[in-house]
Amino acid sequence: MPRHPSQGQVLIEKKAFCSWCRVVYDRGLVSGAGGNLSARMGEVVLVTPTGHSLRDMTPAVIVEMDIAGVVKRGGRPTREALMHLEILRRRPDINVVCHVHGDYIIAAGIMLKPGAASIPPITPGFAYAAYPLPLLPFLVPGSDELSMAVAEAISSSGRRAVLLQSHGLVTVGSDYAEAVNIAEEIEEAAKIYVLTKGKAPSLPMVIAP
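Residue numbers (the numbering used here): -17 to 191.
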C-alpha cells in the first residue's frame, strides 16, 4: 500500500473494511453499536465512527485519520480511537486493530483475575494464536489510561491480543483476517472456560509458539 493512497484506493479499502465489520458482527463478537475496528493504509488510518453498529457500516461513514489523530475526512471517530492509534504507532508490523465484546470473552474476563496469563491453554487454536493472554484490570472505556495500558501490553510483549476486565478484547494483526481469527479463537476458548466453570484441563504445553 502506498504511503499516500489515492481516493480510489481508499474507497476500495473502505469496502473491504465494511465487509470485515460485518464479519465481526455476524460472528457474535459485538452487539448493538459496540466494538470498533481500525486499519492502516499508508499514512491513512480508517476508523469506525462513534455510535454506529458494525452491522451497518458503509464507506460513507468511515472516518479517515492520520497516525497523529487528526481527522482528515468523516465525522467523529470511536472514543477508543486513541487506543487504536497508539497501538499502530508502537507496532509498525500491525495494520489492523480489532476491539470486540463477545459474551464469553466478557464473562471470562469477569471470572478471572488480572495478570500476565488469563484463560488457560484449553484449545490448540488458542494456544497457538494467543496464549498467554494478559488480562488488564478494568479501566474506563475511552480513557487515556486504558489506551496507554492496552498499547503497552501489546507493544512490550509483541503479543497480538489483550483481555480487558468487563470490557472485552483487543486483537491486532498484519491484516483483517489475522486480527479477526485471533478474536474468534479467544472467544471459543473463553466459551469452553465459562461452560466448564474454569475446570477444562490445560493442554500439555508441547505446542510450539
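Beta carbons: idealized from backbone N, C-alpha and C, even for Gly.
Neighbourhood of residue i by C-beta, 6 Å cutoff - its chain only, sequence neighbours within 5 removed
i	result
residue 37	7
residue 111	164 and 167
residue 113	103
residue 188	Note on residue 188: pLDDT 47, under 50, position unreliable in the model; the coordinate value appears next. Taken in chain order, the list of residues that qualify is empty.
residue 183	none
residue 135	116 and 144
Distance between beta carbons of residue j and residue i, contact taken as under 8 Å
i	j	result
residue 72	residue 137	4 Å
residue 143	residue 164	5 Å
residue 176	residue 89	5 Å
residue 63	residue 12	Actually they are not in contact, since the Cβ atoms of residue 63 and residue 12 sit about 16 Å apart, beyond 8 Å.
residue 161	residue 79	7 Å
residue 159	residue 65	That belief does not hold up - the Cβ atoms of residue 159 and residue 65 are roughly 21 Å apart, past 8 Å.
Sequence-distant residues of the same chain with beta carbon closer than 8 Å to residue i, five excluded per side
i	result
residue 122	128
residue 53	45, 46, 47 and 59
residue 61	32, 123 and 124
Sequence-distant residues of the same chain with beta carbon closer than 7 Å to residue i, five excluded per side
i	result
residue 120	147, 148 and 149
residue 156	75, 76 and 77
Check whether residue i and residue j have beta carbons under 7 Å apart
i	j	result
residue 24	residue -13	yes
residue 17	residue 81	yes
residue 145	residue 115	yes
residue 27	residue 76	no
residue 117	residue 100	yes
residue 19	residue 3	yes
residue 51	residue 70	no
residue 84	residue 170	no
residue 151	residue 87	yes
**Complete runs of the beta strand (DSSP E) confined to the segment 128 to 179 [at least 3 residues]** = 143 to 146 and 150 to 155
**Prompt:** Is there contact here, the segment -13 to -3 with the segment 39 to 46, by at least three beta-carbon pairs under 8 Å?
**Reply:** yes
**Message:** Please give the ranges of any beta strand (DSSP E) in the segment 17 to 68, keeping only runs that are unbroken, at least 3 residues long and fully inside the region.
**Reply:** 18 to 23, 26 to 29, 45 to 47 and 53 to 55
**Message:** Just to confirm the assignment: which complete alpha helix (DSSP H) runs, minimum length 4, are found wholly within the segment 66 to 93?
**Reply:** Listed in chain order, the complete alpha helix (DSSP H) runs (minimum 4 residues) inside the segment 66 to 93 are 85 to 93.
**Three or more C-beta pairs below 8 Å linking the segment 17 to 34 and the segment 90 to 110** = no
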